[in-house]
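As structure tokens, the structure follows; a few thoughts come after it.
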Amino acid sequence: MLSGRLTIALLVCLVAASGCGRSGDGGPSDVTSDAAASDAPVIATLGDSIVAGSPLWDPDEGVRGSFSNPDPDSQWQRWVETDSRLRNCGVWGERTDQISSRYERCTKGATAVVIQGGINDIVQGVPVADAARSLACLGERARRDDLAIAFVEVLPWNRGYPDAADEIDALNEHIREIAAAGGVPVLPFHEVLEDADRPGRMPKRMTDDGDHPNVAGYRRLGELAWREPVAPTGPFTMDCQDAPNA
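Sequence positions in the sequence shown follow the working numbering and run 222 to 467.
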């Protein structure tokens, strides 16, 4: 059990640029890419604040308007090399079940989806196994819709260290197992942005608030962690009958 969970959750509330209660609608908004043609296939990126680009960006224009210095480069999607167009469907503070509720809107017209989430489940006391099941069932929904799929590791969390580190590691192990079951890739966000000298945390130069990457961190993720989604070769789970939005 994560100790000091309420204190940690309050810290997240205090440092989030959008502030508590300022979650957006997840756009969705297109991420400008010079390499992608206007008629290129769309890859939807569905998740929480890490997809949104917090703390300097949000796909919701209303939320973004409250930022003093919004920066579109605070999106890892901006730094990805792909022939497809990337769509930002991130909402700050959402659990995996809440992310799942936006699936249809986010993936409309897309040929692929990148599925990210889980840290807010940990913050809010959701068992790791339940968060993993939500992600697996979201993958199953995308598989039934014939979408190419990729999953994303949960990032190291400086402000939650050391209390949340074991749960993050456990959830990432679940995510890798889910992706392997379906034969799809995992974007290694944790591996790419973990400080080699301070395991379980992002390098100080890659985060300004201890919760999210800064522009340099997002750039590193986009350049080094990207994996193209692929069509799944099998089911991610057989246990989605009573899952929300499954």
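Yeah, the Cβ is synthetic: ideal placement off N, Cα and C, and Gly gets one too.
Quickly, what does DSSP pair residue i with across the bridge? List them, please.
| i | result |
| --- | --- |
| Ala-265 | Arg-308, Val-334 |
| Ser-250 | Asn-309 |
| Val-407 | Phe-372 |
In angstroms, rounded to a whole number, what distance separates the CA positions of residue i and residue j?
| i | j | result |
| --- | --- | --- |
| Ala-402 | Ser-289 | 44 Å |
| Pro-291 | Val-272 | 15 Å |
| Thr-269 | Tyr-439 | Going by the sequence as given, residue 269 is Asp instead of Thr. Cα to Cα, Asp-269 sits roughly 14 Å from Tyr-439. |
| Pro-377 | Gly-346 | 17 Å |
| Glu-415 | Lys-425 | 10 Å |
| Asp-246 | Val-312 | 6 Å |
| Asn-279 | Cys-327 | The displayed chain sequence assigns Asp, not Asn, to residue 279. Computed Cα separation, rounded: 15 Å. |
| Asp-390 | Val-284 | 31 Å |
| Gly-286 | Ser-322 | 25 Å |
| Arg-419 | Asn-379 | 10 Å |
| Asn-393 | Arg-422 | 14 Å |
| Arg-365 | Ala-265 | 16 Å |
| Arg-316 | Ala-353 | 11 Å |
| Ala-369 | Leu-359 | 13 Å |
Going by CA-CA distance only, name the one from the options that's closest to residue i.
| i | options | result |
| --- | --- | --- |
| Tyr-324 | Pro-348, Arg-299, Leu-356 | Leu-356 |
| Val-334 | Pro-406, Tyr-439, Glu-412, His-433 | Pro-406 |
| Arg-441 | Phe-410, Gly-360, Cys-461 | Phe-410 |
| Val-451 | Gly-274, Ser-305, Pro-249 | Ser-305 |
| Gly-338 | Leu-267, Asn-309, Glu-282, Pro-383 | Leu-267 |
| Gln-296 | Gly-274, Ala-261, Ala-352 | Gly-274 |
| Asn-341 | Arg-419, Gln-319, Glu-394 | Gln-319 |
| Cys-310 | Glu-282, Gly-248, Ala-363 | Gly-248 |
| Gly-443 | Leu-277, Asp-260, Thr-303, Ala-258 | Thr-303 |
| Val-301 | Glu-315, Pro-276, Glu-282, Val-252 | Val-252 |
| His-433 | Asp-384, Val-375, Ala-363 | Val-375 |
| Pro-383 | Gly-431, Gly-314, Ala-437 | Gly-431 |
Can you name, in chain order, every residue of its own chain whose Cβ lies under 6 Å from the Cβ of residue i, other than the five neighbours on each side?
| i | result |
| --- | --- |
| Phe-372 | Ile-336, Ile-396, Ala-400, Val-407 |
| Arg-448 | Ala-371, Pro-406, Leu-408 |
| Thr-454 | Gly-404 |
| Ser-250 | Pro-280, Asn-309 |
| Ala-446 | Leu-408, Pro-409, Phe-410, Val-413 |
Once you ignore the five residues that flank residue i on each side, which residues in its own chain have a CB closer than 7 Å to its CB?
| i | result |
| --- | --- |
| Asn-435 | Met-427, Thr-428, Asp-429 |
| Ala-417 | none |
| Val-263 | Ser-305, Arg-306, Arg-308, Gly-330, Ala-331, Thr-332 |
Relative to the ligand SAM, is the shortest distance from any of its heavy atoms to the C-beta of residue i smaller than 7 Å?
| i | result |
| --- | --- |
| Arg-426 | In the structure shown, the ligand SAM is absent, as is every other ligand, since no ligand is present at all. |
Excluding sequence positions up to five away, which residues of its chain have a Cβ less than 8 Å from the Cβ of residue i?
| i | result |
| --- | --- |
| Glu-361 | Pro-456, Phe-457, Thr-458, Cys-461, Ala-467 |
Minimum length 4: unbroken alpha helix (DSSP H) runs contained in the stretch 297-373: 317-321, 324-328, 340-344, 349-365
Runs of alpha helix (DSSP H) lying entirely within the stretch 410-457, each at least 4 residues, in chain order: 410-414, 436-445
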